[in-house]
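Residue numbers (the UniProt record's numbering): 1 to 319.
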């Protein structure tokens, strides 16, 4: 279900604010978020392209939003399952590389996809948090909620879904990478050096890709990570991340003509992610699963059939 009604073309026009004819109120409805049918070699989808699992290796896990992201539209995923046998974690960002037009996909978002240009990708990682920097890049909840609510579809946003059902202690900080990119050498993961952003509104470094570093909570199972941008004029925008209900940004970047897709790299320890249904009316099935996972620490303690426990845990196939 890519979009309600006949909005496929409307949703895929550009990253600019184009919502169709003003009289057509259906054009103001948000797209139902799904993953694009084109994806990395090791990705498998389930539940109507709302759950993505990397079935082997630690790489070839690129996935994209089915439709371009529009200004002040939040796209969020939840980490469902980790595989502790690897290093590294989920990467998330935006790209102007249309997955529909690609014949093949790079193995990694960093450095491969970013090296192609017109992609901005962040990494979630286990590291020490610089509290001073974290405070500088933290957008108060009221302000970022207003950014999202001011969009034509903002009234449909389920704010309560921004918070994970289970949350480990910790907070989020960010660093802005310089000209040196992340690199891979076989299974090894070498992080690039990074320079701190002294002024979040500094527009002199739009091209380098920022790097988001967090404590365990950002990469744990159940963590919810989202991305949105606010457009300033026709060729400039600010990028924001929402991690477990906390908003980080702004990160400035230059807009080019063309659509912006969300890109996620289901990399390393991150094995399965699912889309959090922020703008659609949740089904009774999904509401029940939310209540169960948010109320019980160990699902295996429940006297439920194994198949049902696997379903609630997003383990596939649930047999």
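Glycine residues also receive a C-beta, built at the ideal position from the N, C-alpha and C atoms. Note that the coordinates shown come from a computational prediction; the quantities given were computed from them, not determined experimentally.
Residue i - containing alpha helix (DSSP H), residue span
i, result
"residue 77", "Element bounds for residue 77: not the alpha helix (DSSP H) but the beta strand (DSSP E), 75 to 82."
"residue 149", "141 to 149"
Residue i versus residue j - alpha carbon distance
i, j, result
"residue 46", "residue 52", "7 Å"
"residue 103", "residue 39", "10 Å"
"residue 19", "residue 50", "For residue 19, the predicted model reports a pLDDT of 35, less than 50, meaning its position is unreliable and no value from the coordinates is stated."
"residue 266", "residue 95", "16 Å"
"residue 302", "residue 227", "35 Å"
"residue 229", "residue 36", "20 Å"
"residue 234", "residue 84", "43 Å"
"residue 307", "residue 289", "14 Å"
"residue 223", "residue 243", "7 Å"
"residue 321", "residue 231", "Since the first residue of the chain shown is 1 and the last is 319, residue 321 is not available in this structure."
"residue 111", "residue 304", "44 Å"
"residue 220", "residue 86", "14 Å"
"residue 193", "residue 152", "Low local confidence applies: a pLDDT of 26 at residue 193 is under 50, so the model's placement there is unreliable, with the coordinate-based value given in what follows. The alpha-carbon atoms of residue 193 and residue 152 are separated by roughly 40 Å."
"residue 256", "residue 97", "11 Å"
"residue 252", "residue 57", "34 Å"
"residue 262", "residue 116", "16 Å"
"residue 310", "residue 275", "18 Å"
"residue 34", "residue 163", "20 Å"
"residue 93", "residue 76", "11 Å"
"residue 312", "residue 240", "30 Å"
"residue 238", "residue 250", "5 Å"
"residue 108", "residue 54", "13 Å"
"residue 82", "residue 88", "11 Å"
"residue 63", "residue 280", "21 Å"
"residue 43", "residue 99", "14 Å"
"residue 246", "residue 165", "14 Å"
"residue 80", "residue 236", "34 Å"
"residue 113", "residue 258", "17 Å"
"residue 120", "residue 264", "11 Å"
"residue 225", "residue 122", "11 Å"
"residue 287", "residue 144", "25 Å"
"residue 118", "residue 71", "17 Å"
"residue 156", "residue 67", "18 Å"
"residue 154", "residue 293", "27 Å"
"residue 101", "residue 150", "32 Å"
"residue 295", "residue 48", "26 Å"
Whole-angstrom C-beta distance between residue j and residue i, which should lie under 8 Å
i, j, result
"residue 299", "residue 69", "Between residue 69 and residue 299 the Cβ distance is about 33 Å, and since that is not below 8 Å, they are no contact."
"residue 60", "residue 41", "4 Å"
"residue 78", "residue 273", "7 Å"
"residue 278", "residue 161", "6 Å"
"residue 248", "residue 137", "5 Å"
Endpoints, the beta strand (DSSP E) within which residue i is located
i, result
"residue 49", "Element bounds for residue 49: n/a, residue is neither H nor E."
"residue 108", "Neither: residue 108 is in no beta strand (DSSP E) and is coded neither H nor E."
"residue 123", "119 to 123"
"residue 66", "That residue, residue 66, is in no beta strand (DSSP E); it is neither H nor E in DSSP."
"residue 243", "236 to 243"
"residue 159", "Looking at the DSSP string, residue 159 is not in any beta strand (DSSP E), and its letter there is neither H nor E."
"residue 38", "Neither: residue 38 is in no beta strand (DSSP E) and is coded neither H nor E."
"residue 225", "224 to 231"
"residue 93", "91 to 95"
Residue i burial status per 10 Å Cβ neighbour count (16 or more: buried)
i, result
"residue 269", "buried"
"residue 124", "buried"
"residue 142", "exposed"
"residue 106", "buried"
"residue 146", "exposed"
"residue 158", "exposed"
"residue 140", "exposed"
"residue 291", "exposed"
"residue 65", "buried"
"residue 271", "buried"
"residue 284", "exposed"
Which whole runs of the alpha helix (DSSP H) in the region 249 to 316 are 4 residues long or more, in chain order?
284 to 295, 306 to 312
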